[in-house]
Amino acid sequence: MTVMRPVPSSGASGLDVAAVRRDFPILARPVHGKRLVYLDSAASAQKPRQVIEAERHVYEAEYANIHRGVYALSEAATAAYEGAREKVRAFLNAAEAREIVLVRGATEAINLVAQSYGRAFLKAGDEVLITEIEHHANIVPWQMLREDRGIVLKVAPVNDAGDLDLDAFARLIGPRTRLVAVAHVANALGTILPVEEITKLAKARGCTVLIDGCQAVPHQAVDVRALGCDFYVFSGHKLYAPTGIGALYGRAELLEKMPPWQGGGDMIRSVTFEKTEYNELPWKFEAGTPHIAGAIGLGAAIDYVHGLGYDAITAHDAELTEYAVGALSKLPKVRVIGTPRRRLGVVSFVIEGAHPHDIGMILDRDAVCVRAGHHCAQPTMDRFCVPATVRASFGVYNGRDDVDALIAALRNVEKVLQL
Amino acid sequence: MSELRDLYQEMILDHGKRPRNFGPLPEANRHADGHNPLCGDKVTVAVVLKDGKVADVRFTGQGCAISMASASLMTEAIKGKTEAELRAMFQKFHTGLTGADDAQAASVLAGLDKLAVFGGVRDYPVRVKCATLPWHTLIAALDRAAQPAKTE
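Chain order of the listed sequences is A and B.
For the record, in the first sequence the residue sitting at position 389 is 389 according to my numbering, with numbers rising by one throughout.
For the record, in the second sequence the residue sitting at position 25 is 444 according to my numbering, with numbers rising by one throughout.
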């Protein structure tokens, strides 16, 4: 029996959820006359006042184009934008700010690597190894490269629990494997992949390693140098930052060798009709005017999560995920998809006799927002033989009361659909 | 809750759980696949068209309660109908779910017998595609479309 709590529990983590909620203006907005229970942060997180105000401040006080103007305002905007890059560098513990390319998001970052690194260094017959539980953004760019360059895409299997079969993974690394590209945390199941072991195995065999950190960075600190990976990508909007901004970390040595992938302003040093000389890192990869305010908003989001502290965030998100898995598992008709050894921030489930689309809509009437569908991970759905799932995912503003509200709303689903 | 009952009426739940005319139809001379990429609903409609009339129709697929119930009730509604009749029926069904004028939509739907049960879908624009997917697929089958039918 679940107990409804009027006050969000901070659990054992030390995160003051009630205080965090006051930072997120949207959470004060009722939906269908009820308290908003936002359980879709894995799709996109809500934004704290600190981020909203940082973005507003740009436009109200220090906006101009960057890297161009000789006037004070442009210098201020440039300093703020480059300051945000430095925050991303520190956030990932990269060695140098020039190893941070600001992009639209993780999707663009992976496409950049596939198009630039892939087309320059991968030949027909070379292999790219991914896992069975990747987001489409870490599948399709490699398929496009396969069409374009004749590379071979290999897929490492997961077991029924949703954990990567590390032995099978190791066996799939062959003499032609050039690049290993894996999620840090799987978006549909919440599985934490053993990226340390994966990186070690792959680097020992001379492979380049890319990690998709979209679902990891909202919940845990990341140190790219400790990991030893070559590329690490994430999207800002899942980290409480604005949409349209994200980052690609790449080891400077690799980025130096890679050709630009988009041409235009800002990525050049000099242009004549005969010859163009490209800019240095990281601007070589930032053609056109970037999302200046978004980048500064991302810097504010990084400050925000650091203010809460990753020790508290990780403990809170892990505790809440475990609580949700426990509560869902007690409902007789609910089947949680995957039982990975380590899971973070996400739980996917199905209900016998009910389609996720119907469930998601009925939950919405109780102001409970979840994702219902394939989560841009259709191969994951195929692997677990479900057409779609309902996914609840957590952010720093969620408490046990949100999980309890989900459980209560699921009982209503059973009534409405007469299960 | 009461609004949800308007959408998930008994007849829809019944047809959603126990769809009629469900299964393959090997002797079909018209068939098409339909797919709603938003939610993953998939439906295949197979028709035996004989002397310009629907002699038999069956469907297979998987999807939400609304799409499955709509496919089931559609197969019941169109048996024995001429091609022209069922195309007109779809036009009315579509108007009934999406027409701008509530009163007109209600009166059009009322003329569709059991299909009027989908009236509640009007209040949920994202679900209209669930209800119309089987019909789009049927029309694609009649047009002998080579491509899967889409709702958008």
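Glycine residues also receive a C-beta, built at the ideal position from the N, C-alpha and C atoms.
(request) Decide yes or no for the touch test of the segment 144 to 160 of chain A against the segment 117 to 131 of chain A: beta carbon pairs closer than 8 Å, at least 3 of them. (result) yes
(request) State the start and end residues of the unbroken beta strand (DSSP E) segment that holds THR289/A. (result) Note, THR289/A: premise wrong, no beta strand (DSSP E); not H, not E.
(request) Closer than 8 Å by C-beta to ILE110/A: which residues in its own chain qualify, once you throw out the five before and the five after it? Chain order, please. (result) ALA137, ASN138, PRO141, ALA181, LEU210, ASP212, VAL233
(request) Measuring only between beta-carbons, confirm whether HIS374/A sits less than 8 Å from chain B. (result) yes
(request) Could you please give me the residues that DSSP links to VAL466/B through a beta bridge? (result) ARG449/B, VAL476/B
(message) Could you tell me the alpha carbon to alpha carbon distance between GLY218/A and THR191/A, rounded to whole angstroms?
(response) One detail in the question is off: residue 218/A reads as Pro in this sequence, not Gly. Whole-angstrom Cα-Cα distance: 14 Å.
(request) Please confirm if ASP402/A has its CB atom under 8 Å from at least one CB of chain B. (result) no
(request) Express the C-alpha separation of PHE24/A and GLY294/A in angstroms, rounding to a whole number. (result) 18 Å
(request) Rounded to whole angstroms, what's the CA-CA distance from ILE133/A to HIS357/A? Just pull it up for me. (result) 21 Å
(request) Within the same chain, show all residues whose beta-carbon is closer than 8 Å to that of VAL7/A, passing over the 5 residues directly before and after it, in chain order. (result) In this predicted model, VAL7/A has a pLDDT of only 49, less than 50, meaning its place in the structure is not dependable; the value taken from the coordinates is given anyway. Excluding sequence neighbours, VAL7/A sits near ALA18, ASP401.
(message) Any contact between the segment 215 to 229 of chain A and the segment 369 to 388 of chain A? By contact I mean 3 or more CB pairs, one from each, below 8 Å.
(response) no
(message) So if DSSP puts LEU102/A in a beta bridge, which residue, or which two residues, is it bridged to?
(response) ALA247/A
(message) So, at 8 Å on beta carbons, what are the nonlocal neighbours of GLU62/A in its own chain, with the 5 sequence-adjacent residues on each side left out?
(response) LEU73, ALA76, ALA77, ALA80
(request) Check the C-beta distance from VAL396/A over to HIS316/A and give it rounded, since I have them as a contact under 8 Å. (result) 7 Å
(message) So VAL416/A contacts chain B; which residues on that side make the cut at Cβ distance below 8 Å?
(response) MET420, LEU423, ARG424, TYR427
(request) Pull up the CB-CB distance for THR131/A and VAL158/A, whole angstroms please, since I reckon it's below 8 Å. (result) 7 Å
(request) Would you mind reading off the limits of the alpha helix (DSSP H) that contains PHE234/A? (result) Segment 231 to 235 is the beta strand (DSSP E) holding PHE234/A; no alpha helix (DSSP H) there.
(request) Can you give me, in chain order, the residues of the segment 476 to 491 of chain B that have a beta carbon less than 9 Å from any beta carbon in chain A? (result) GLN481, GLY482, CYS483, ALA484, ILE485, SER486, MET487
(message) For a test of the three-state rule: what should DSSP assign to ALA204/A, helix, strand or coil?
(response) helix
(message) If I measure Cβ to Cβ from GLU99/A and keep anything under 8 Å in the same chain, skipping five residues before and after, which residues do I get?
(response) ARG89, TYR249, GLY250, ARG251, ALA252, LEU255, LEU281, PRO282
(message) Can you pull the chain A neighbours of LEU432/B, defined as C-beta to C-beta under 8 Å?
(response) LEU417, GLN418
(message) Within the continuous beta strand (DSSP E) that includes PHE428/A, where are the two ends?
(response) Residue 428/A falls outside the range modelled here, since chain A spans only 1 to 419, and no answer is possible.
(request) Can you pull the chain A residues whose beta carbon is under 7 Å from the beta carbon of GLN459/B, in chain order? (result) Here the sequence assigns Gly to residue 459/B, which means Gln is not the residue at that position. GLY373, HIS374, PRO387, ALA388, listed in chain order.
(request) Consider the Cβ of MET4/A: report whether some Cβ of chain B lies at a distance smaller than 8 Å. (result) Its pLDDT being 42, under 50, MET4/A is placed unreliably in this model, and the value from its coordinates should be taken loosely. No, its Cβ sits nowhere closer than 8 Å to a Cβ of chain B.
(request) Please state whether DSSP places LYS333/A in a helix, a strand or coil. (result) coil
(request) Determine the chain A residues that contact LYS436/B at a beta-carbon separation under 8 Å, and present them in chain order. (result) GLY353
(message) Only counting the same chain, and skipping five residues up and downstream in sequence, which positions put a Cβ closer than 7 Å to that of GLY530/B?
(response) LYS511
(request) Could you list which residues in chain B have their beta carbon closer than 8 Å to that of LYS358/A, in chain order? (result) Reading the sequence as shown, one finds Asp at residue 358/A and not Lys. Chain B residues near ASP358/A: TYR427, CYS483, ALA484, ILE485.
(request) Give a yes or no on whether the minimum CB-CB distance between ILE362/A and chain B is below 8 Å. (result) yes
(request) Measure the Cβ-Cβ separation of ALA524/B and VAL464/B and say whether it is below 8 Å. (result) no
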